[in-house]
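Going line by line, the protein sequences match chains P and Z.
The opening position of the first sequence corresponds to residue 779 in the working numbering, with each subsequent residue numbered one higher.
The opening position of the second sequence corresponds to residue 779 in the working numbering, with each subsequent residue numbered one higher.
Beta carbons: idealized from backbone N, C-alpha and C, even for Gly.
None of these values were measured; they are calculated from a predicted model.
First comes the structure, then the notes that go with it.
There are 2 protein chains.
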Amino acid sequence: MRTSIATVSLSGTLTEKLAAAARAGFDGVEIFENDLIGSPLSPEEIGERAADLGLTIDLFQPMRDIEAVPADEFARNLRRAEHKFRLMRRLGADTVLVCSSVSPYAVDDDDLAAEQLRRLADLAQEAGVRVAYEALAWGRHVSTYEHAWRIVEAADHPALGVCLDSFHILARGSDVTGIESIPGDKIFFLQLADAPQMALDVLQWSRHHRCFPGQGDLDVAGLVRAAVRAGYDGPLSLEVFNDVFRQADAGRTAVDARRSLTLLHESAGLTAPPAPVVPTGFAFVEIATADTARIAPLLTALGFSRTARHAGKPVDLWEQGEARILLNTDTGSHRPEPSLTAVGLESPDPAGASARAESLLAPVLPRRRAPGDAPLDAVAAPDGTEFFFCVTGRPAPSEGEATDSSGFAGSPVRAGWTGDFAPAPHTPAPIGITRVDHVALTQPWHHFDEATLFHRGVLGLRPHASVDLADPYGLLRSRAASNEDGTVRIALGVGASPTEDPARGGRPQHVALVTDDLVTTVRRALAAGARMLPVPPNYYDDLAAHHEFAPGELETYRDLGILYDRDEKGEFRHCYTVTTGRVFFELVERSGGYDGYGARNAPVRLAAQHALAE
Amino acid sequence: MRTSIATVSLSGTLTEKLAAAARAGFDGVEIFENDLIGSPLSPEEIGERAADLGLTIDLFQPMRDIEAVPADEFARNLRRAEHKFRLMRRLGADTVLVCSSVSPYAVDDDDLAAEQLRRLADLAQEAGVRVAYEALAWGRHVSTYEHAWRIVEAADHPALGVCLDSFHILARGSDVTGIESIPGDKIFFLQLADAPQMALDVLQWSRHHRCFPGQGDLDVAGLVRAAVRAGYDGPLSLEVFNDVFRQADAGRTAVDARRSLTLLHESAGLTAPPAPVVPTGFAFVEIATADTARIAPLLTALGFSRTARHAGKPVDLWEQGEARILLNTDTGSHRPEPSLTAVGLESPDPAGASARAESLLAPVLPRRRAPGDAPLDAVAAPDGTEFFFCVTGRPAPSEGEATDSSGFAGSPVRAGWTGDFAPAPHTPAPIGITRVDHVALTQPWHHFDEATLFHRGVLGLRPHASVDLADPYGLLRSRAASNEDGTVRIALGVGASPTEDPARGGRPQHVALVTDDLVTTVRRALAAGARMLPVPPNYYDDLAAHHEFAPGELETYRDLGILYDRDEKGEFRHCYTVTTGRVFFELVERSGGYDGYGARNAPVRLAAQHALAE
């Protein structure tokens, strides 16, 4: 179906908004009246600008407080409407949104409402436009779509239909099946917005917390299906405003919006993009740093060995078990400190994953190929992290370009990306790390919902519930996404505001590594010179108050700085290295099906990190 | 009464929190358990640190999910409590907060709750501590203070009492008169927080939106009065957390907190600071600028004349009617652009106003005196603006140091601050401006509530309702405060977040000037070369749709860039100069009792300002 977006969803001037909508691939726009009023362009010029950009003007909005009012008030309203219909002709818009009245003058009289809307529709018809009547969830007398439709049906005018807004309908918990009994040609417009489930006054909820379909908790797809079954064939149009989008870059918001509509088409069973390709594991984690002087000794102490070097680029492969870390020293001048820049995901179908990403407007990265390199499909996530779709494993017999003379740490010869690496002599000294458990990526404040939608839609991961973590200098919001068996886990974190002060330690990213025996692994790491994060002794007093431990167990944890958590399913032991640049490592031991991330321990970990940073 | 603050109310490490509370003058603290757990100091060291700072530890908090649970669960809870009571002894805290259970294991059985709390109190008594039981508003079975008190009364144990939390009580709309029937010695603790009235889930409301008493809508003073009548004589303790305080500087938050408690003492009829002194008008507005090349011609075009120069400082007085602007070129290097730095308020009692400000922890500024200068009392507002308490007028006969040979623009000889200025020759060319209507001050994001409390408590102004204004790049929140007759009006504005990009125009401040005939005044200003803000023509089309005007009236407004608003009481006409540095001027004509600020026109004004800035 055609796609549209309301200009109120984007920040900036009207011309900026139009340009952003066009660049993101929308077919049309709703023009929000205040955007027009604030523009130095005349209505004709705005219409031409939209046409030049290939955008239709699908709706002019809103007109308010029109119907079910005393006669003198209604006469003033008709006068106002005449002005606006004239404006619409100049603009080239043929449908106007009329919201159900919130006026104190409005009366609870459906006959009067129908009669006045009919007269409004007469006027509209003369002017060559039509009226889409929408029930605001907080309308004074009309607040449900069923009620709005009853009035439109009673008015029975060809220039009068309903506008359905998913927020207003779903926020009230209305049943959408009733939509199917509205004739499709009387549904003049469909406005779509999602929202997180909140027990909040619906007006405040609407004004501050709308989000794009798929970013909240409302069943927008179900509503779209109902409208399509009713015969609606107009545009799917986004009308979403919140405190973030009002400030965010319009171009970026428009891409996020357009991506959400593609995913909505998919979940509503309309057109579908290429199918998602769910990753099956971590192929590698890449850390960029101009200088390996601090990170290389830490990797060594953690039991990693430098097993290979890229044939054409200053990139080293470090390995231990199935955990692989690339150290990239080709960083340019802007990343002198170690930072986590890329993640390789094991993909059953890299080309398919890439095609899906591209169809969802993920920036597909120029392939980093040297002559003879294996092609690597990669996309950039909203936070700038590069995700590569990889195959790590034995080559098929026909792909014999890799040799089996490699000295890779006990691992088989590999095809795909590892074929670009030349083995380096090394002496393995593993300490028990077997693979990557998760990577934790810090998100820019504005882009948390965008990132969640990206990880779900583009990477095919399943988002888990969002949790708040108390940091000494603010709440952190954290949300993990994973594949089904937990072999790919990505934790997205964001501060409560953009005032994050890098001088206070900023928000480092981290890589969590799996061991089956944390105590032994930590002892070996310490013996090899790893610097682990010191945990305040008071933490262990608290742990003793909450749990009983085997004799000596708690003392061991205290000595080694190990944190502990337990849930209904199992236990979680974990500890942290100190931070190097923007990166630190976590060592984790999961047992008995524990599926979390030790959120209970986050405050003490964050406090310890702050203490160390000062 | 003694004052206390929970460490969870302040950001940073525990030692930072203790230092901030002591510096702001609190008598004691509540120690939040997670702050202790995250601290590298032992409980004994924390106790010593507090004692060294002169702080008592009034409460240790919280213990959760203790009561009305199955026997095995309760045994574990007692074990946990024993640990915590031991910890409290080491810390030197004698009261612990126990919150009503939210555990899924808790049962709805008051007898069991009382029995288990009695056993907990036995254990507490042995350890030399006592238990304050508090009903969380979202407690599973116990969610009102009356219910908590019934259980405590039934348990009947000397080491068991209630803790009353104003948020939990007032958020549920409970009647506080029942507090008076609780014996005062059974009210072990009083935690105070305010909050804006919101229709939001009470847990989210509590977690993200608490504020200090006087900053929200709850009747905290009424609750304090009830507790005092009951015989409570413990500390008034603040337990306030929200997304802002978690990130704000602890020292600043502590001062804001302590000020709110002083005002709470006043409004609850306990001890009172010096009485408020309400200002009666604007004495002057000061603009600092290194270079007057742009601002001086604008003032001239607006009909101001340079009437005098300060005897000892590079400060010029510009006057028109009762509007006075000081141009201060002694700005140092950090303020090259014109910015609004100080406001002189006409005060019936400058010394009293200053004493009040000092008692409310407002930073009293070093008096800017040259030999022979009149003393000027001044304080700094949270945004850094300096407020001077002034007397402008005829000298009393005994204060004859000012001469009457001045050439001040048609004005009488003045005493007080104007006595420091030497008249300068000038030719008045007024354009109809009579006085200052209001000043609009941009607030730092974090400090809006603090600023509102400051303007109310310290300056004696009455805050009006807060409104949201749509800017092309984000919502603005605006709140005016005024004296009773509207001769002093200050509009505080803040962006929706701290991401304000100065490159996009930032948030300028402005001075609104009164005229009785805006059309004539603007014509004269334009004729004298003033650059006025251009208003998009679409605005006037919209105005024509909403209102009927006399023939030619709308065209005049369009030609002159005049904006128009109307309410039940009267009309408002206003227009703006372009922005110079961080400052612009507004010209306003109020008629018929219009009491607003043209909020309806703010979006178009903001859009026009952005358009000009680009």
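Amino acids of chain P, ordered along the chain, whose beta-carbon sits closer than 7 Å to that of residue i
{"i": "residue 815 of chain Z", "result": "1314, 1316, 1317, 1320 and 1382"}
{"i": "residue 818 of chain Z", "result": "1314 and 1389"}
{"i": "residue 1271 of chain Z", "result": "None at all; the shortest Cβ gap to chain P is about 15 Å."}
Residue-chain proximity (residue i, chain P), Cβ-Cβ < 7 Å
{"i": "residue 1280 of chain Z", "result": "Here the model assigns residue 1280 of chain Z a pLDDT of 41, short of 50, so the residue's position is not dependable and the matter cannot be decided."}
{"i": "residue 1031 of chain Z", "result": "no"}
{"i": "residue 975 of chain Z", "result": "no"}
{"i": "residue 858 of chain Z", "result": "yes"}
{"i": "residue 978 of chain Z", "result": "yes"}
{"i": "residue 1254 of chain Z", "result": "no"}
{"i": "residue 1035 of chain Z", "result": "no"}
{"i": "residue 1385 of chain Z", "result": "yes"}
Per-residue burial, residue i [other beta carbons within 10 Å of its own, 16 or more giving buried]
{"i": "residue 959 of chain Z", "result": "exposed"}
{"i": "residue 1240 of chain Z", "result": "exposed"}
{"i": "residue 1308 of chain P", "result": "buried"}
{"i": "residue 1170 of chain Z", "result": "buried"}
{"i": "residue 905 of chain Z", "result": "buried"}
{"i": "residue 1369 of chain P", "result": "exposed"}
{"i": "residue 1044 of chain P", "result": "buried"}
{"i": "residue 1324 of chain P", "result": "exposed"}
{"i": "residue 955 of chain P", "result": "exposed"}
{"i": "residue 1031 of chain P", "result": "buried"}
{"i": "residue 1339 of chain P", "result": "buried"}
{"i": "residue 794 of chain Z", "result": "buried"}
{"i": "residue 936 of chain P", "result": "exposed"}
{"i": "residue 882 of chain P", "result": "exposed"}
{"i": "residue 1347 of chain Z", "result": "exposed"}
{"i": "residue 806 of chain Z", "result": "buried"}
Amino acids of chain Z, ordered along the chain, whose beta-carbon sits closer than 9 Å to that of residue i
{"i": "residue 865 of chain P", "result": "1316, 1319, 1320 and 1323"}
Cβ of residue i within 7 Å of any chain Z Cβ
{"i": "residue 760 of chain P", "result": "This structure does not reach residue 760 of chain P, given that chain P is present from 779 up to 1392, and the question cannot be answered."}
{"i": "residue 1182 of chain P", "result": "In this prediction, residue 1182 of chain P has a pLDDT of 38, which is less than 50 and means its spatial position is unreliable; nothing more can be read from the coordinates."}
{"i": "residue 1393 of chain P", "result": "In this structure chain P extends from 779 to 1392, so residue 1393 of chain P is not present and cannot be described."}
{"i": "residue 1328 of chain P", "result": "no"}
{"i": "residue 1476 of chain P", "result": "Summary: the structure shown does not reach residue 1476 of chain P, with chain P confined to residues 779 through 1392, and so no result is reported for it."}
{"i": "residue 1227 of chain P", "result": "no"}
Contacts of residue i in chain P (Cβ-Cβ under 9 Å)
{"i": "residue 861 of chain Z", "result": "1319, 1320, 1322, 1323 and 1324"}
Contact list for residue i against chain Z, beta-carbon separation under 8 Å
{"i": "residue 1250 of chain P", "result": "789, 790, 791 and 816"}
Contact between the region 1257-1275 of chain P and the region 1216-1225 of chain P (3+ Cβ pairs under 8 Å): A contact exists between the region 1257-1275 of chain P and the region 1216-1225 of chain P.
Stretch pair the region 908-918 of chain Z + the region 939-950 of chain Z: three plus CB contacts closer than 8 Å: Contact between the region 908-918 of chain Z and the region 939-950 of chain Z is present, because at least three Cβ pairs lie under 8 Å.
Members of the region 1012-1032 of chain P near chain Z, C-beta cut-off 8 Å: Answer set for the region 1012-1032 of chain P: 1021, 1024 and 1025.
Near-chain Z residues of the region 944-955 of chain P (beta-carbon distance less than 8 Å), N- to C-terminal order: Listed by position along the chain: nothing, the set is empty.
Members of the region 900-912 of chain Z near chain P, C-beta cut-off 7 Å: Per Cβ criterion, the list is empty.
Segment contact, 8 Å Cβ cut-off, at least three pairs: the region 1370-1381 of chain P with the region 1018-1025 of chain Z: A contact between stretches requires three or more CB pairs, one per stretch, nearer than 8 Å, and the region 1370-1381 of chain P fails this requirement with the region 1018-1025 of chain Z.
Inter-stretch contact (C-beta, 8 Å, three-pair minimum) for the region 1195-1206 of chain P and the region 1247-1265 of chain P: Under the three-pair Cβ rule at 8 Å, the region 1195-1206 of chain P does not count as touching the region 1247-1265 of chain P.
Cβ contact (3+ pairs, closer than 8 Å) linking the region 799-818 of chain Z and the region 998-1010 of chain Z: Flag = no, the region 799-818 of chain Z and the region 998-1010 of chain Z do not touch.
Cβ contact (3+ pairs, closer than 8 Å) linking the region 1283-1297 of chain P and the region 1351-1366 of chain P: Touching, yes, given that three or more Cβ pairs across the two stretches are closer than 8 Å.
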